[in-house]
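With the numbering used here applied, the sequence shown corresponds to residues 39 to 207, in that order.
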Amino acid sequence: MHRLDEHSVHIHELRGDVRELKTSIDAVRIESRDQVDALRKDSQQQLETFRKDSQQQLETFRKDSQQQLDTFRKDSQQQLETFRRESQQQLDAFRRETQQHLQELRAEIASTVHSCVTAAVAPLCERFNTLNERVNNAGLASDARLLKWFAGSAASSSGLAIIVSRMLS
39 MHRLDEHSVH IHELRGDVRE LKTSIDAVRI ESRDQVDALR KDSQQQLETF
89 RKDSQQQLET FRKDSQQQLD TFRKDSQQQL ETFRRESQQQ LDAFRRETQQ
139 HLQELRAEIA STVHSCVTAA VAPLCERFNT LNERVNNAGL ASDARLLKWF
189 AGSAASSSGL AIIVSRMLS
């Protein structure tokens, strides 16, 4: 019996140890479950915080990008307008210069044509005056047909040919 009592005491101690172990396991389970719940909550909060931060960063990036794009468009538009104005001013200046050179060229051409015509007509005038003197000296001043013939033939032959050749040269 003594042995039985010893076994009984030993079993009783073991049962107590098992109860303590069970209580410890339950405490660990509860603590683990609480830690898991706390970890889930913390992870969920971190995830929500990350989502919010990411969303805010994305919105900030969108706003900044839109502002940069708007600024770039505005600057580009201003540069384009400046370029257009400067190009128009240069074109207007070129037109004025060209117009001025064209007027100078016209004046030079007119002067040259006048000089050429004067030079070409001078011998004709001299010949006409000589012939007119001869006609007057001969007493034929009233014969206008002779003067018209001379003027027509002189202009149609040598005089006009000289004028045209000098104008073209």
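We put the CB at the ideal spot given by N, CA and C, even for glycine. In this text the structure is predicted, and so the values were computed from the model without any measurement.
Sorted by chain position, which residues of the same chain lie with C-beta nearer than 8 Å to residue i's C-beta, five sequence neighbours on each side aside?
i, result
"S180", "Here S180 scores only 48 on pLDDT, less than 50, and its place in the model is too uncertain to base an answer on."
"E124", "none"
"K101", "none"
Can you list, in chain order, the residues of its chain whose CB lies under 7 Å from that of residue i, leaving out five sequence neighbours each side?
i, result
"R71", "none"
"I49", "none"
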